[in-house]
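Structure, as structure tokens:
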Amino acid sequence: MVQEWHKIRPPDVETLRGIPAIWTKCSGGLDADPSVFADNLHGDMAGRICGARDGRKAYSLGTHSMRDYTPPHQRNSYEDEIGEEQGGDTEVENSSQGRRTSRQPLVYTPSVDLDCGEGPLIEEPKSAGLSVADILGKQMVPLLRYLDMKMTKYAKPAIAGSYVKFVCGRTRTKVVASVEVAERVSSWISEFATVKATLQARKKRLRQSELQCAELRRSLIVEKYLRATSELECMSFCVDIGNARKATIDLQDKLEASRVVAFNEESGRVDELTADLEKHDQLHDAELALKAKELQDC
């Protein structure tokens, strides 16, 4: 067991600076703000809980450590032992200094190592399964009761108040705040998950629409090409139709001309044949008249 003693000022109960083990936590010394002092006390005691071994917890308070803290059912014997050690060490210090008044008490700064040469305790991870309420009920409350009992030796302890009540209230507030924060975080996580799912669905729909747009663009290009080719074919068809119409008109003109010429030729030939027929008729009539005369003369 290693013990260190420091000569400091007497405690001031009006500003909650009467506990020697936590004077070093106040950055401004004995003239610091009580609220800052209390916050430093609570934060240090709640944030420096180390790993456990054989049912005993290792605590760190400021620069003063209390390893191998005893459970509540063994606290009376432990306090008696600490009181005896403090009394003996105080007498030794008084005999060595020569003069020391009752208003200048010696501060006992214990540094106990009960690891039995096994080295420092391994710090447990924060996710050991202990809630804030369990830590307060099993580990912090006995230590704070011990500190409350130590406050009885100072004047007017009611002014300083109870560390147990103070830390219990602060811990309840922190538990409520942590629950609210956990609920908010869970709600934010659920909202983030929903938003992420919606964004992923939107991205999928966007990709599908982009693929559809690409397919439509390709089909539009093909349709444009087909339309251009069909327009060219239509133009060529129109030209062919015009040429065919011109050819039919020419053929009709030629047919009519040929019909007129042929009719004229045929009609002229018919006229000639009719004239020849009339001449033959006249000659035949003349021959018949001659033959008739000859027959009469006979």
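Counted the way the numbering used here counts, the sequence shown spans residues 747 to 1044.
We put the beta carbon where it would ideally sit given N, CA and C, even for glycine.
query: Inter-residue spacing [alpha-carbon to alpha-carbon] between residue 918 and residue 888; result: 17 angstroms
query: Integer Cβ distance of residue 913 from residue 945, believed to fall under 8 angstroms; result: 45 angstroms between Cβ atoms; not a contact.
query: Cβ-based burial, residue 1025 [other Cβ within 10 Å; buried from 16]; result: exposed
query: Other residues of its chain near residue 983: CB distance less than 7 angstroms, five sequence neighbours each side excluded; result: none
query: As assigned by DSSP and simplified to three states, the class of residue 984; result: helix
query: Euclidean distance between Cα positions of residue 952 and residue 967; result: 22 angstroms
query: Residue 1044 in three-state terms, based on DSSP; result: coil
query: Backbone CA spacing between residue 1036 and residue 1022 [nearest angstrom]; result: 21 angstroms
query: Inter-residue spacing [alpha-carbon to alpha-carbon] between residue 959 and residue 942; result: 25 angstroms
query: Proximity winner among 1029, 926 and 893, relative to residue 911 (alpha-carbon distances); result: 893
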